[in-house]
Structures are given as C-alpha cells and as structure tokens.
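Reviewing the structure listed below.
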Amino acid sequence: MFREPQKGDWADASDEEGDDGLLRTTPAPATRAPAAATNYWASRAQATTTPAQEQKAEPHQQQDARAPRQEAGRFDRQGSDRGSDRGFDRNSSDRGYNRGNDRGYDRSDRGGDRGYGGDRGYDRGGDRGYDRGGDRGYDRGFDRGGDRNLDRGSDRYGSRADSDSRSFRRAPAAPRYEGIVMTLKEDGGFGFLHSLDLDQDVFFHESEVPSRPATDDAAASLPHVQVGDELSFELTINRRNGKESATHMTRLPKGTIVTEDIGDIVETGVVTKGTLPPKHAKGRLGDRPTPEVMGTIELTPVATEATDDAPKPLKRHYVRFNLDSVAADDGKKVIPRVGDDVAFRVAVHKQLGTKRAVDLHVTCSASKKRAAAIDAALVDLERETGIVSSIKGSSGYIKCLSRLQDAFFAYDHKSMGATIKEKTEVSFFILPEHLQAEDRGNAKVTALKLEALPEGSVLFEEIMASSVHGKIVVKPTEPSRQFAKAKPSARGKIAVTDAETPAEYAVDGSEFDANYTPKEGDEVLFDVLHDLRRGEKIAVNVRSVLLNPIGRECGVVTAMKDDFGFLKCVDRPGDAYFRFSDVLQSTYHLTLRMHAEVSFDVIEPTKAKDGIRATRIQLLPKNTIQWETPLDDNIANAVILAVPGRPAFKDHSGDKPSGEAKYGKLSYTAVSCPLAAYPELKAAVLAGLDQSVSDVDQSVTLKQLHASQRLALAAFAAYFGLAYAEERNTATLTQARDAARVSDWAITTPCERTVVFANDAHKDVRYEPSVGDTVRCNVVATKKGGHLVLAKDLVLLHSDAPLSQGWVTAIKADGQYGFLEPTTSSDSVFFHFRDVGEKAKIKVGDEVEYVLKPAADKKTKATQIRVLPPGSLPPKQVVAYEAVVERVSLRPKARDVKKSTAGKLRVVPEAEVAAATDDEEAPTLLLSFHLEDQVDKHVVLRAGDRVRCVVKGSGKAATEVALVASNAKTGVVSAVDESGAGSIQVDGDETPAAFVSKQVLGSSGRFLSVGDKVEFSTNHIGDALHATSIVRLESAAPDRKVTVNSSLRRQLKEATARTAKGPDGTKGFASGWRSQVEEDQVYT
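The following block contains the structure:
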C-alpha cells in the first residue's frame, strides 16, 4: 500500500548519533534506553564555559569550542571539570549506561551495517573509528575524566553544578514527527519508517525504539519492532554522511496515525483474486512476517449512458484489499475467497492516492452461490449410471455407461464408505460444464449425489450372437514400434458369410489369438458383441477356421533350435526360416516335431542375403503333402540303360556322388507329352516357336535346367522333329525353315522318352538293377530334389535267359552273400541274398535254380535265385582220390573262430599211384580240406603225407581225409635256447634241423628239453633244413613244475584284499597270475 523505500532513503547506523542542540533532561530508562548522552554533555559544556574564559581562550580553542560532537570529546578530555564530572558520573550511572547501551548499540550497528553490505567499509572506517575516537574516547575521556572529576569535586569540595547553576541553559525543543514502520532488516537491527508529515522514509535503529508497555498482554508474544508499528521521533543528521535518522523515538497507540481517507459509501463487488497471509520466518530478532499478497475485488459495474447507435460497454473497476481490510464479525474475521460477494468501503491513501477496501464483509460466499446454481441445474438433469472404477483418498472415478469419459467425484469415507466402494454400480448426476470444479483432476466431468444400485443393474456390453461364420475383409493393423504411442491400432472388418443380409463388424487385433496373424480371406468364427457404452456392434473372440489358401506353400520341418527352425519347401528349392511363435494352434492336437508336415505363408526377404521366412504355420496330419504326381502308371517292358552308382562310392573330392552316377536311366514308350510335368517349359517352347513364320529358322534357348528337364526336352524335340542341342545346363531347340509346321502340338502316337530313377527305386530291396534288365515301373513327377520326373517301383521281369542249377556250398559269416556249385561246372558262382526270390531262407546244401548275369566286376553272379525242393537235382557224383598234402590245416588261434584254416591236397593220378615218388611232378588237380574233414582228427598230417579222400560232385572240397603213408622223420633234441627254439638231430642224417617253438604241436606245451625224442617233417628254406609239425614222443626228464605253497598264496590273497597296487598301477593282481607264474617257471 505504501511505496517501497528508494535508494536515497537508506541511512547509515552512524546517523543515530547526530543529536546536536538536544539536551537530555531525564535519566535514561533501565532497559534499552536510547544513546542520547552526547547532546546532553555538549550542552552542559557550553553552559559551564564563562565569558571570561571565552575571551581568554586562544582562537583555536574558540574554534574547538564551536566544533561538532567529536571535538567536544577532546575538550572534555582536557579535564577542566575532571573532579566533579567523575563523581557525578558514578552517581548518575552514566558510566554504566555508556558502556552498556553504547557498546551494545555500536555492536548492533556494526552487525547491521555488515548485513546491509555496502556500509561495511564505512562502518569499519567510520563507525568503528568514530566509536573508538568519539564514543569510546569521549566516554573514557569525558566520562572518566569529566564525570570522575565532577563526581570527585562534588564529593570533596561540594557540588560545582550547584554553584554554576546560574550558567546552565536548556536547549530548545526539537520538532517531533510521526511515522509507521515500513521495512526491517533482521540481520542488521535497523529499518525504515514512513512519515506523512515529512513525505519520506526515515532510517532508524532498533535500539532507538522503546520497549512495548508492560500493560499490553500481547507484548510478550510480539517482537520488539514489527512492520506497522506507529512511532513518534525526532530527526537528527549524521555529520559524516549528511543523512537524516530518527532518534528519541516513542511508541504511539495503534491507529494514532491516520493515513487514509475512508469513504462513506458502501460498495459491493466480487472477489477475483484472493489474498495470502504473510508467512512468519524465524530471525535473529524473532518472528518477522513477509509481505502479504494483496487480493482484488471487481466492483459491481454501473451502467453507463448509451447512445441510440450502440450501447456503451460496462466499465470494470477493481480495488485491492488485504487482511487488515476484513472487518471482524462477532470477533471473528472471515477471509474472502475468489467468487465471494462482498460489501466494503473504499479508503484512499492521503499521500499516494491508492485505493484500498476497508470494513470488508462477505455477503454471500462462492460456495453457497455454486451450491445454489448446482441445485437449480440438477432439477432439469437425469441420473446416469456407471461403475466405480477407482477410489484414492478423497476422490474417485466412475466408468460411465452413457459416455466415454470417466466421471470424477468427491469421496467422503464417513458418509460413503459403507455403500460406495470400487466395482460398485451407482447412479449419479453429471455437473454441467460451467459449474465444474477446478480440483476435479484429469476428469472432464464431475459426478454428484451418488446412489448405490443393485448388482447387475449396469451392463456395458452383451453378446448378440455366437459362433458366427465370416471372412476377414480387412485385417487389423498394429503401428510399428517407433509409432506405437503416437498412432493407435487400426481396426479390421469381418463380413458375415452365412447370413441372408450382408453385414460387416469391426474387430480389434486383441480379439485374435496371440499366435494367429489374421489375413484377408481367412475364414473365422466370432461372437457379435453389442457395446452399450459406445453404441456399436463389434466382433470378439475370433477363432480361425480355414486359412486363405492363396499363396500358401507346404513343407517339412528339417531343423529345430532354441526358438526357431527351418522348413524344407515343397514348391521351391531351399529352406525357409521360421520362429516358434509363428506356429498356429493345431486343431488336430498335433505337436511341432522333426519331419512334421506344415503349410505356411511366405515373407520374401528385403535383402538379397536373407532367406525367405515362413509365417502363419499350420501343422498338417501325416501324409497330407503329396510329394508325387502320377504321370504314367504300370509301364511294362521298360529297359534299363544305366544304373546309378552305389551310395558308398564317392569321388576323390569326398563329396556326394556326381549327377551322372546319382541316377540311373531307363527308356519306355507312352502316349503322353514329355513336358506334361513342366508346363512352364512347354509354354516357353511354344512361345519361342511361332508356327506362323516359315521363312526363317526359329530357336529357343532354355537355361538352368536339371537332368530330368533336359531329358523331357530331348524326347519332345525328337517327337516333333526339332533339332536339340545341349551344353551343360542349357538346352536349345531349333525348328528349320523347311520343317513341317505343327498345328496343335498334341501327342497322338506312342512317344519314346527317357527318365531317371534313383538307387532305391526298385520295389524289392533285394533286386539290384542291371543294364539291359526289362522292368515294370511307374513314372511320377516328384517335388523332392528339384521337381524331377522319376521312375519308381521297379520290378524285374523274367527274361528268356537259360536257367542254371546247383547247390549252395558256402554262406559267409555276415550272412549277406555266399557261393553256389553249378551242376555242370566246378567253378563256384557268387550270389547275394537280395537276389533270392520270395524272401526264402537259404542254407548250405540247398538245391537252387538261378540265372547267370554279368556283374559289375566283369564276373558272373547268380540272380533270380529260387530254392528247389530236396531231390530235384540228381545226386552228386562221389570220386575217391589219393593225394599228397601240400599245406597243412591248422587249428584257429582266435577263440571266436571255430573252423580251422584250409589245407591243400595235390591229387595223384591212379596210374602213377604205385610208382609215385617224392620227385614226381605235381598233378594239376588241387583240393581243399580242413581238420574237421579228417577221419581221425587226432592224426597229425604233415606236408608230403599221402592221404585218401573223397570228393562229392564237381566241387574241389575233399572230405573223409585219411592218412595212408606218413612222411614224418624222428630225431632227438640236441639244443634249446631261452625262447624255446633249438635244433634236432635227425636219425640217419648228420645234418641237424632247426626249429622254433611255434612248430611244437600237442598239449605237452611248447617247451622242449634236450634229449627229447620227437617226430617231425622237414622242408628246405634255402640251404637250411627246418623241422615243422613237431610232436614229442618221449621226454628226457619228467616235468618239474614250480608251484606256490599255501603260505605264500595266503599272503598274496591278503595283499590282494588290501587292494595294493601292482607294478602296472592296477589294484591287486591281474586274473590268471597263478597260472602265468607256474607256466613261466616250469623249467629251470
């Protein structure tokens, strides 16, 4: 309300001491008395100075007498009245006053000036120096010197003041002014007050202000000085800076100073801005209020005069008010709020001319006016319904049935806690927009007068129809991640297919299954939901029935990783990548597994290096995918031109077999187009060969062709007389200009073509195709391996080749192949078990019938083997021979081999049996035998022995071998070394025969000793004579075996129980340790 202090209005703390011409007549109060002693003693010094002294005084002394207050201090210190002054100062307690009040005042000045900031240097240089030189020097010099001398003079010699009372004169009274405290500096202890008489702000120090009256009960709770206090003061001028300050201040009762002229007219208006009370802050001097915020009132407009042309607008007038403007009703102030109707009078500031409302009364509060307006508006409104969605603290929200916005309502726990809770169905009124409260939160509407409804009274939606069949017309779309918050999802549309009248329903993406991605054309089942809140019908609970078949492909799962896998596509080469989240829920209760058949949609890659991706994957039952399309069925008399290579055989690079060996070829004739399996190729050929042009040669070049496509093009070209050229994977068809033109490219007569077949194309796994075989087969177009035309289910047809007969003579241990003995030849014939017809079981000695065919190794083999009943073939011819042993048969060394090694016999012709000698030429017939074929299996046959044997049939296996004449020699062992080798002295021959331990036969062991009689056979290896097949006849000394006694064996057993480690690191002793020790220590 008052103006703020200006820069020039500020005064220093030193201004409080410029009190020249003032005389203090009354003693200072006991507490917080103002420091006004300076003017008093200056006046007294002037009064005590006699005219004679003034005349005798030096000029400079006269000048000093007329000097200001600080010079008076020097004069006082000279001690003219030292004795009387000292005594007077003690009695009047000026010394205590000066030391108490002046020092406290100086310190407060120093703190205040420091807090004020700009006068810090001035205080140190001026106040501190002035205080020390003036106050302290004055007090010490004048008070101590003057007062002490005065007191002493008074006490000792009598009162000098009484004697000089004639010369003591009182200074003239200074004018006093009135002012109101405007600002205070808590940290400095000073402030400013405004005086209407002076029309300016005056500096004052807190120490100049007297204490509040003790009779005031509120004085104890109020600070010493506060804004608004009314004070009376005198002006003094600071001799250093020439600024005015207040001194000799006294308190005035509240309301003494009248600053405003209050009008008599009572005005009315509406509060447009409320006032804020001042905030109290703790300071060094107590609680000090901050400036309050003024409120404003809009006066009731007064209509102005209007002309005939246009009415003048009403002029708005505003007036401010504060807390002091409010009048107390029944001892209580009602603070006006925004919107309240008020009555007041206008007060005008005498000096500033500003207006302020006083004697302010609230005639009608805003809350009462709003409540009346709400009650009037609710008369014409209808109640709405909804459900309480949330309650937090003193507010809540209602989900309205008739509007999309949530309604805000004030919640009172005491009155509404028992009936209104979350999920409670309620009815309510909606407050009109112009009456909405500002504290309604984010809600746009406010609900009033809530009433609870029975459960089930409020329905937001209801199902109109269930399991409606429809087709997706527009699929719902979801925004990308970067626009997920900015752009909402777009709804899709579903059209009803089984209704008489067409209908479409909107659908959200959230109504579909999480794994199902909708697409236009998909057939679905859905429910129709009537949304009563929005007033629309939508499709919900959408289930997939049939996916759109357009563009879908089929494949097989070939690999599965953590959360993704790969599919082998049926209709395109290569694999497709898929994620497990793209697999739809199966209606056949199928699970995703390896080699599962699926159908899917394809997402083409955006980058060249990326592969295709499969989406909307649907599991299919087994054998749903048709990998093969029949072309020609039950083709007879197909001839094999080439056989595929064996899967085990690979080229030198280690890769899979080359394309030429991977498939075989066969030729057949049929009345069908060779390009029936490749309609794209046929269309390209017909487009390139224009039959309307006959004066030029026409040609068509096709690239990137596999073997099956090239064979089909070659057969097509041969049938229509086109020239065919092939180079790698490129084929060229040329039609000469003079060639006959074709009208419809139709196949009317049998066409010879060539197709390929795989290694597993034969129906019987035991059949191995051979070049020239006549087979029956089926031709199909397969989608495996690159859309080939293949021959499959090959069945060998019986040919007119002559049949051979024989016996099964041998079957190998693995049971996969064996040998046959023909009835007409002695050469064995190889056969494989897959060539045995009708999956018959075969064993050695069975009579069979077969067909001889050339094998891959340029030998013959038996095929189409058929087992004959026993006795079908004539019995085998039995022939007895005498023979000489060329190679002995030895027992097997391995335990798993039960049959001995094969020996060899050389047959001796009958004409030469009697005259045969050791030097005769070897016969040409050789026979094989085994130990098992001997008549006496204990007889040892040696090389050179003559035996008698029997051969059955045309084979070369000898049986019933019996010894006729032995070629063995006898002798005595002459020497044996540590390894068991040594030499034998042959009887009747001086040349010894050497031997090794492995040539010792029998169970007597391989150890021979010197002097043993043995039987053996000899052979020459170079010039040396060696003994073989040694059998001990007599031993030179009985066998001495070194055995382990029972004590040692027991100790060894205990050591084994303690699991001691042997030399090889194993625990205990190895099995068979006892026999090994005994065997190694038989002989010494």
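The opening position of the sequence shown corresponds to residue 3 in our numbering, with each subsequent residue numbered one higher.
Where a beta carbon is used, it is the ideal one built from N, C-alpha and C, also for glycine.
The structure displayed is predicted, hence computed values, not measured ones.
- For C675, no pairing in a beta bridge is given by DSSP.
- For E682, the uninterrupted alpha helix (DSSP H) run begins and ends at P681 to G690, by DSSP.
- Secondary structure at Y579: strand, using DSSP grouped into helix, strand and coil.
- In its chain, beyond the 5 residues on either side, A904, G905, K906, L907, K958, A959 and A960 have a beta carbon closer than 8 Å to the beta carbon of S930.
- Under the DSSP assignment, R358 falls in the beta strand (DSSP E) whose first and last residues are K357 to C366.
- Residue burial is scored here from C-beta neighbours: N731 has fewer than 16 other C-beta atoms within 10 angstroms and is therefore classed as exposed.
- The shortest CA-to-CA distance from S985 to any of E525, A378, V1016 and V428 is the one to V1016.
- Judged by their CB atoms, G523 and T499 are not nearer to each other than the 8 Å cut-off.
- Between Y670 and F759, the gap from beta carbon to beta carbon reaches 8 Å or more.
- The alpha-carbon separation between S827 and S956 amounts to approximately 6 Å.
- Distance from the CA of G257 to the CA of L380, rounded to the nearest whole angstrom, comes to 50 Å.
- Apart from sequence neighbours up to five positions away, the residues of its chain that approach G613 with a beta-carbon distance below 8 Å are G576, D577, A578, Y579 and P607, ordered along the chain.
- Counting only residues of its own chain and dropping the five nearest sequence neighbours on each side, V869 has a CB closer than 7 Å to the CB of A842, I844, D848 and V850.
- The beta-bridge partner set that DSSP reports for R178 consists of E236.
- Counting C-beta pairs closer than 8 Å gives three or more between the stretch 872–883 and the stretch 947–954, which meets the contact rule.
- Taken through DSSP and simplified to helix, strand or coil, M418 comes out as helix.
- With a 10 Å radius around the Cβ and a threshold of 16 neighbouring Cβ atoms, V846 comes out exposed.
- For F722, the enclosing alpha helix (DSSP H) stretches over residues A709 to F722.
- Residue state for S999 is assigned as helix, using DSSP reduced to three classes.
- Residue pairing for P856: DSSP places it in a beta bridge opposite T862.
- Annotation: the continuous beta strand (DSSP E) that includes K495 extends over G494 to V498.
- Ranked by how close their Cα comes to the Cα of L704, the residues S696, G230, A714 and V460 have A714 in first place.
- Nearest Cα to V910 within the set P876, D947 and Q936: D947.
- For P632, the beta-bridge partners assigned by DSSP are V782.
- Beta-bridge annotation (DSSP): M562 is paired with G567.
- Annotated as proximal: H226 and E208, with beta-carbon spacing under 8 Å.
- By alpha-carbon distance to I637, the top candidate from A741, V572, E538 and V797 is V797.
- The Cβ-Cβ distance between V572 and C556 falls below 8 Å.
- Boundaries cannot be given for P504, as no beta strand (DSSP E) includes it and DSSP labels it neither H nor E.
- Within 10 angstroms of the beta-carbon of G419 lie fewer than 16 other beta-carbons, which makes it exposed.
- In the three-state DSSP reduction, A373 falls in the helix class (H, G or I).
- Residue burial annotation: D603 is buried, with at least 16 other C-beta atoms found within 10 angstroms of its C-beta.
- A454 and F430 do not touch by the CB rule: their CB atoms are close to 10 Å apart, not below 8 Å.
- Counting along the chain, V526 sits inside the beta strand (DSSP E) bounded by residues E525 to D533.
- In the structure shown, the three-state DSSP call for F1018 is strand.
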